[in-house]
Amino acid sequence: MADLADDLSATLGARVSKAETDRVTYARDLWLRHHIDVRGGDIALHKPAAIVWPRTTEEVAAIVARCAEEGTPLVPFGAGSGVCGGILPDSRALVLDLKKMSAVRALRRDVPSVDVEAGALGIRFEEDLQAQGFTLRHFPSSILCSTVGGWVAARSAGQCSGYYGKIEDMVVSLECVVGRGEIVKLQRRVAGPDLTPLLIGSEGVLGVVTAAELRLHASPTTRAFTSYVFPSTEAGWEAMREMFQAGLRPAVCRLYDAFDSFIARRGSVRGQRRGAARVPASSLAKSTKDAALRLLLRAPSVMNRLVDAVGDRALGGAMMVLVLEGDAERHAEDLARIRHVAARFEGRDLGEAPARRWYEHRYSVSYRLAPVFMAGAFSDTLEVAAPWSRLGELYREVRRAMGQHVFVMAHLSHAYPDGCSIYFTFAGSAPTREGSLELYDATWRDALEAAVRAGGTISHHHGVGRSKAPRLGTELGLGVEVVRSLMRVFDPAAIFNPGNLLPPIAPRRPAHDRAAPEIARPRFDEVSLLVEANGATTLKALEEL
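Mapping of the sequence shown onto our numbering: position 34 corresponds to residue 40, and the numbering continues sequentially without gaps.
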């Protein structure tokens, strides 16, 4: 690896680094499990051998070709904001940071669409589009610290997905580097095989996304806000279901369970009473508060049962915030229809204020977890999804599974006519670092098992990474082997982000120990993958499924 890094350094100049500070910086993403290690003093357990910053797709292709020749692991890197352990290099790996590839190559006003390189930082990209009168309307909470390539790789969802869809709904085509350095362009197709969805959500295991053509919208000139409170979380999600199945498409529709709504209301009241000035807490007061938090979180079952015993109504009900965009002339009609649906489920109109307050602070949630870690506890989020018919069971089963380990609250967002995502926020504490890791792992294990058992999916928009990979096989079954077959086609040298996304391969049992004879797997004989490679050729195979 030292020779490869030196050769690349000679070719690319200062855009290759083996400096210790860079190796520490690129050793992980924002997987919350890492935070427990960092708090314990292990700042970087998985430092890569080197980091490289290419500027063109051709440079990416040359780097991939060299890594394939030498068997060097290659880890694509956007902005490092992933929370599932998608970045975890080993000491042989080369990290490929794409942020120097951030140009808008073309803005097609008549379509409208934009061809943008993968390293474009989300917030700057959106601001530049709005200066031209357009918008992508893709607003993940991480937009301040995530890239276009990261959105594609993780199958990202933004806060306005109710109207505009997720990132896979916005992709027209992808430029990628695969295999042994081939540059390919995957175009969305209306007939025949469409390979674009294979790369969307592949989390760097099939290739490197270097650019994307994305659909655009005209910047909205108006938006409408409204909010409701429902007597129970279930009543709220039934109202949400009916809205979307009736054809309503609010850009934002978020339902907070009763406890989460209770906390939100108290927070806004305290903020109003404080005013602009805030008196800092003394060290003793903060220490006492942190100790109290840790003590409470070590009895999560008691806290969860207390919330259940108090009940949704006593906590003030479940709050829904809605934001409408698009056709301004339809806002009045849609608001009336929303009001009618909400009334059927005993929803009480709260007016615009809660929704406007959410909109003004919509990115703040990403920065609320750090104080919990500073207090010696931990906090994380889990997003799952299910059809409406399974949503209640998903909510109850996952909350019950997590509740024996940690304190849990939830909100529902990213709704569709056929189902919805549930976003659980949880916090826990243990006396030791080892105890915290065991508690954290047990929480995730039981929650993901409960999600699959309830008929849900283990991830909606954060990706899989390494945190969910052990349970992916339970959900996908044969689908895991399908992905492995694709990896053999797209990545024959097995260099792309090894260890990510898929569960480890279980050792085969001896033939005499098998419960039943192995069934011969079907083969695909020279199936062509219809892609443009350097403007011409095709990738062949899928030799083995």
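Backbone N, C-alpha and C define an ideal beta-carbon position, used for all residues, glycine too.
Treat the numbers as computed from the prediction; the structure is a model and nothing was measured.
- Message: What I want to know is whether the C-beta of Gly139 ends up closer than 7 Å to one or more non-hydrogen atoms of the ligand SAM.
- Response: This structure lacks the ligand SAM; in fact it carries no ligand of any kind.
- Query: Lys24 to Trp59, Cα distance in whole Å?
  - Reply: The C-alpha of Trp59 is placed about 12 Å away from the C-alpha of Lys24.
- Could you check if Gln165 is buried or exposed, using at least 16 other CB atoms within 10 Å of its CB as the buried criterion? By the 10 Å Cβ count, Gln165 comes out buried.
- Between the C-alpha atoms of Met380 and Leu150, what's the straight-line distance to the nearest angstrom? Counting only the Cα atoms, Leu150 lies some 22 Å from Met380.
- Where Glu244 falls: helix, strand or coil (DSSP): Correct three-state label for Glu244: helix.
- Message: So if DSSP puts His417 in a beta bridge, which residue, or which two residues, is it bridged to?
- Response: Answer is Tyr262 and Tyr429, bridged to His417.
- Mind checking whether Ala67 and Val190 have CB atoms under 8 Å apart? If you check the CB distance, Ala67 and Val190 do not come in under 8 Å.
- Message: Measuring CB atoms only, is the stretch 153-164 touching the stretch 456-472, in the sense that at least three cross pairs come out at less than 8 Å?
- Response: Counting Cβ pairs under 8 Å, three or more are found: they touch.
- Are the beta-carbon atoms belonging to Arg477 and Leu454 less than 8 Å from one another? Yes. Within cutoff.
- Message: Measuring only the C-alpha atoms, how far is Leu356 from Leu94?
- Response: Using only the alpha carbons, I get a separation of about 45 Å.
- Query: Run through DSSP, which three-state label would Thr387 get?
  - Reply: Three-state DSSP puts Thr387 in a strand.
- Task: May I have the straight-line CA-CA distance separating Leu113 from Gly322, to the nearest angstrom?
- Result: When the Cα atoms are used, Leu113 and Gly322 turn out to be separated by approximately 48 Å.
- Message: What residue range does the alpha helix (DSSP H) around Thr294 cover?
- Response: Bounds of the alpha helix (DSSP H) holding Thr294 are Ser289 to Leu303.
- Message: Closest to Ala348 by C-alpha separation, out of Ala297, Ala20 and Leu254, would be which residue?
- Response: Nearest in C-alpha terms to Ala348, of all of Ala297, Ala20 and Leu254, is Leu254.
- What residue range is occupied by the uninterrupted beta strand (DSSP E) comprising Cys182? Cys182 -> beta strand (DSSP E) spans Val177 to Val184.
- Task: Kindly indicate which three-state DSSP category Val190 falls into: helix, strand or coil?
- Result: Val190 falls in the strand class under three-state DSSP.
- Express the C-alpha separation of Ala391 and Leu400 in angstroms, rounding to a whole number. Straight-line Cα distance between these residues: approximately 8 Å.
- Contacting residues, own chain, Cβ-Cβ under 7 Å from Leu299 (five flanking each side not counted): Only Ala381 and Ala383 meet the Cβ criterion.
- Item | Candidates Leu445, Pro437, His420 and Val414, of which the one nearest Phe430 by Cα | Ranked by Cα distance from Phe430, the first of Leu445, Pro437, His420 and Val414 is Val414.
- Query: Where does Tyr32 fall in DSSP's three states?
  - Reply: Of the three classes helix, strand and coil, the one that applies to Tyr32 here is coil, per DSSP.
- Query: Would the stretch 199-218 and the stretch 69-89 be scored as touching if the rule is three or more Cβ pairs under 8 Å?
  - Reply: By the Cβ rule, the stretch 199-218 counts as touching the stretch 69-89, because three or more pairs are nearer than 8 Å.
- Rounded to whole angstroms, how far is the Cβ of Gly125 from the Cβ of Met107, which I believe are closer than 8 Å? The Cβ separation is near 4 Å, so the contact holds.
- Task: State yes or no: is the C-beta of Leu558 within less than 8 Å of the C-beta of Leu484?
- Result: Coverage of the chain is limited to positions 7 through 551, which leaves residue 558 absent and any answer about it impossible.
- Query: What does DSSP give as the partner residues of Ile57 in its beta bridges?
  - Reply: Answer is Ser23 and Val101.
- Message: Check whether the stretch 303-314 and the stretch 402-422 touch, using three or more Cβ-Cβ pairs below 8 Å as the test.
- Response: Yes: at least three Cβ pairs fall under 8 Å.
- CA-to-CA distance, Arg271 to Gly277, given in whole angstroms: Reliability fails at Gly277, whose pLDDT of 45 lies under 50, so the model's placement of it is uncertain and the value that follows must be treated cautiously. Using only the alpha carbons, I get a separation of about 10 Å.
- Pairwise C-alpha distance: Arg221 and Ser148: Roughly 20 Å separates the two Cα atoms.
- Task: Please list the segments of the alpha helix (DSSP H) lying wholly inside the stretch 433-511, counting only runs of 4 or more residues, in order along the chain.
- Result: If one requires a minimum length of 4 residues, the alpha helix (DSSP H) runs lying completely within the stretch 433-511 are 439-459, 475-482 and 485-496, in chain order.
- Query: Per DSSP, Tyr234 is paired with what?
  - Reply: Paired residues: Met326 and Asp355.
- Task: Would you be able to state if there are at least three C-beta pairs under 8 Å between the stretch 125-145 and the stretch 240-249?
- Result: Cβ pair count under 8 Å is below three, so no.
- Taking the DSSP output, what are the residues bridged to Ser108? Paired residue(s): none; Ser108 is not in a bridge.
- Item | Cβ neighbours of Val489 in the same chain (closer than 7 Å, five flanking residues each side left out) | Residues Leu508 of the same chain have their beta carbon placed closer than 7 Å to that of Val489, with the five preceding and five following residues left out of the count.
- Query: Which value, in whole angstroms, describes the spacing of the CA atoms of Leu100 and Gly19?
  - Reply: Rounded to whole angstroms, Leu100 to Gly19 spans 16 Å at the Cα level.
- Have a look at Arg319 and Thr239 and give me their C-alpha separation to the nearest angstrom. Roughly 10 Å separates the two Cα atoms.
- Could you check the C-alpha separation between Cys90 and Trp37 for me, to the nearest Å? Between Cys90 and Trp37, the C-alpha separation is close to 5 Å.
- Message: Residues in the same chain with beta-carbon distance under 8 Å from Pro146, minus the five sequence neighbours each way, listed in chain order, please.
- Response: Gly128, Ser152, Trp157, Ser162, Ala163, Gly164, Gln165 and His467, listed in sequence order.
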